[in-house]
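This is the structure:
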């Protein structure tokens, strides 16, 4: 008996050891040290690029991924967008543009890796920072802090994503492409601001993520206090001086900003390819192990996914692949050549720290060597004005201003960041022949007597009423004007309405009196204008417009927008009448807790009455969510076909709050398509039930668009274009959304425009 037990013990021990070794070898397939990532035993400098799956279409993904691979990338990085995947509690969407598994498998098929940034807070200029709006109505919730309701919701979604990836064998130890994941996002500044609750939340998030046992490293970006084994990383225009919080962690640049985002009312940013390449080379020569372009392909904020403040529908970001998926030359080609040079240096880069010398003013030399004899050198000229001649190993090299030369063998210069050899290109928007025949549908004005309104005294915040189901909320009230009011003869009366943003259309007795919208630095706005009133009952209708919910900021779930008052009329016999606390009506309202606010916050006043200034803020108001056209689903093929549209001589032109419809056939060829909307003001667009996005060509770019010099430190306001022109004129229409014939295009116009001048264009290079 004893011998049998001994044999069993030995066999058991062997099995345990073998199992442990197997587990160890699997876990070791993705590891790292202070110099490199180690994948399947090979030390790597990893080159990555961000492509966000919902900002393009599934039909575009294979081509985007292949172009990224051809451009020298090893990794595709993407956020995971919670509000796209769980639009209502427990109801999930992983279809179409949100088919995350399909996207990751396509990356794998191309032979690339994935860096999955689960977050679930993403920022990303995405509506509400990626959080679903329903989340802020969870009782007792407080976002991104040591708050139990938030942590429960966050953990539930993170586990949902991790388990989905595991079930599809997508983590690298399972044979999948995911080699690293991210928890939270740019939390360091928030933790610093709120103190102890932030530190506790960081520790909890790190422990929760590691406990999911994915077998791949986790990171936290812009998070100096990231607990071990989480890797802290850097985001920015430059990160050469960044150091991780432990000497055994690799140096990672998770967001190299390739440009900047466009805002309506602002110019279009551009980051020179020379400076972007300089930032990368400078990072690598300072022991960088991983860098990721944010963005490599920016894509499009389709539908209502763009965030505030006033983020444009285009998310081009001046990325190497433009919004339409075409190479943005010379940036794409110049970076491709940079990647080739870095890969030639890789054996030396992953083997040692560099020897650094300073041969002259603003000159620096970094030399890497390996035991096998590999040698690579980076020669730097940091002077933003003057070229320099640098002597290295008895050879002389001429370096342009603000540039780095790369020598993979410590002799031959194969690349300089300021010398562009790739061919430049200029994208053209070529109109498609054949005009469009339009029909129009004019919105009826809502009434406080409508069944779907909610009446109350005073003003109500917009998002708490709409729950972000629409950009639009009507604030309706009535003002009784006595026949003896002096201003009825003089015509001097002033309506003032204050709003938390983002835009406001003021109608009096069914006629547009004026429009105002917030600025890029502050969404809050005040409408002040003389209005036409008459003796008796006057109807005041304020159409408040949200242009995306915030995506960044401390406790942004509490921020305000909308008409909250005061609302006053000045010039009455009584003076100024405050309308704020009158009865108002709302629709689709629910209980709220922590709030991020939008809409008319007030005051709303009428000045010039006999009484002086009348405060309308606290009188009775009615509130109505959205537009009649939205309720009729005019933006859909089915809804638009059921409505009565005007056409021909009855077509409504340059009128506010108007819907337009046309049909067209898909143009021949494969060139990307767009709509030229320069003749329109502001609104939304759809084709075949798909939301193209918000248009706002009436908001022209303001700023300083002077000549751009690549040399010197870059910032988002340095190299700007398009001043005096619409911030965005052309709007991407994916070809995969079209049928060969009979495509239905619907445009809603707030301001009033001329749809007969809208044209379909091809983007060619």
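In mature numbering (1 follows the signal peptide of the UniProt record, and there is no 0), the protein residues as written are -28 to -1, 1 to 737. The beta-carbon is built from N, C-alpha and C at its ideal position, and this holds for glycine as well.
Report the residue from the options whose alpha carbon sits nearest the alpha carbon of residue i.
i: residue 707; options: 719, 645, 691; result: 645
i: residue 367; options: 383, 178, 374; result: 383
i: residue 256; options: 196, 377, 737; result: 377
i: residue 605; options: 465, 203, 61, 659; result: 659
i: residue 733; options: 714, 643, 352, 663; result: 643
i: residue 325; options: 304, 177, 332, 348; result: 348
i: residue 463; options: 735, 454, 503, 472; result: 503
i: residue 499; options: 8, 522, 535; result: 535
i: residue 723; options: 415, 451, 13; result: 415
i: residue 488; options: 507, 467, 482, 506; result: 467
i: residue 1; options: 711, 66, 145; result: 145
i: residue 510; options: 496, 613, 451, 237; result: 451
i: residue 495; options: 17, 279, 178, 65; result: 279
i: residue 446; options: 599, 390, 661, 21; result: 599
i: residue 440; options: 380, 517, 353; result: 517
i: residue 265; options: 18, 136, 3; result: 18
i: residue 9; options: 381, 486, 59, 189; result: 189
i: residue 611; options: 95, 601, 69; result: 601
i: residue 514; options: 505, 486, 478; result: 478
i: residue 738; options: 207, 168, 330; result: Because the chain here runs from -28 to 737, residue 738 falls outside it and cannot be looked at.
i: residue 523; options: 104, 391, 595; result: 104
i: residue 639; options: 174, 711, 60; result: 711
Assuming residue i and residue j form a contact by the criterion Cβ under 8 Å, report the distance between their Cβ atoms to the nearest whole angstrom.
i: residue 228; j: residue 262; result: No, residue 228 and residue 262 are not in contact; Cβ-Cβ is about 11 Å, not under 8 Å.
i: residue 453; j: residue 480; result: The pair is not a contact, with the Cβ atoms about 11 Å apart (cut-off 8 Å).
i: residue 743; j: residue 156; result: The structure shown does not extend to residue 743, since the chain spans only -28 to 737, so no value can be given for it.
i: residue 703; j: residue 664; result: 5 Å
i: residue 342; j: residue 320; result: 5 Å
i: residue 406; j: residue 472; result: Their Cβ separation, rounded to whole angstroms, is 44 Å, which puts residue 406 and residue 472 out of contact at 8 Å.
Less than 6 Å between C-beta atoms, sequence neighbours within five positions excluded: which residues of the same chain meet that for residue i?
i: residue 121; result: 110, 112, 113
i: residue 736; result: 400, 402, 643
i: residue 269; result: 23, 36, 291, 293
i: residue 484; result: 628
i: residue 154; result: 89, 191
Determine the DSSP secondary structure at residue i, reduced to helix, strand or coil.
i: residue 611; result: helix
i: residue 325; result: coil
i: residue 740; result: Residue 740 lies beyond the range of the chain shown here (-28 to 737); nothing can be said about it.
i: residue 682; result: coil
i: residue 588; result: strand
i: residue 563; result: In this prediction, residue 563 has a pLDDT of 23, which is less than 50 and means its spatial position is unreliable; nothing more can be read from the coordinates.
i: residue 243; result: coil
i: residue 126; result: helix
i: residue 223; result: strand
i: residue 194; result: coil
i: residue 30; result: coil
i: residue 72; result: helix
i: residue 63; result: strand
i: residue 392; result: coil
i: residue 175; result: helix
i: residue 419; result: coil
i: residue 308; result: helix
i: residue 433; result: coil
i: residue 527; result: coil
i: residue 214; result: coil
Quick one: what's got a C-beta closer than 7 Å to residue i's C-beta in the same chain, skipping five residues either side?
i: residue 149; result: 76, 79, 80, 84, 85, 86, 142
i: residue 327; result: 339
i: residue 686; result: 209, 243, 247
i: residue 408; result: 634, 636, 730
i: residue 726; result: 625, 626, 651
i: residue 358; result: 373
i: residue 370; result: 359, 361
i: residue 721; result: 630, 632, 652, 653, 655
i: residue 126; result: 92
i: residue 271; result: 24, 27, 28, 287, 295
Got a sec: is the Cβ-Cβ distance from residue i to anything in chain C below 7 Å?
i: residue 550; result: Reference to chain C is not applicable here, since this structure consists of a single protein chain.
Keeping to the same chain, check which residues put their C-beta closer than 8 Å to that of residue i; ignore five residues upstream and five downstream.
i: residue 41; result: 82, 83, 84
i: residue 309; result: 387, 393, 394
i: residue 507; result: 453, 454, 455, 457, 460
i: residue 71; result: 25, 30
i: residue 147; result: 141
i: residue 526; result: 162, 165, 166
Exercise for the section: Would you check if there are 3 or more beta carbon pairs closer than 8 Å linking the segment 55 to 65 to the segment 297 to 307? Expected result: Flag = no, the segment 55 to 65 and the segment 297 to 307 do not touch.
Exercise for the section: Say whether the segment 693 to 705 touches the segment 306 to 323, bearing in mind that this needs 3 or more beta-carbon pairs closer than 8 Å, one atom from each stretch. Expected result: no
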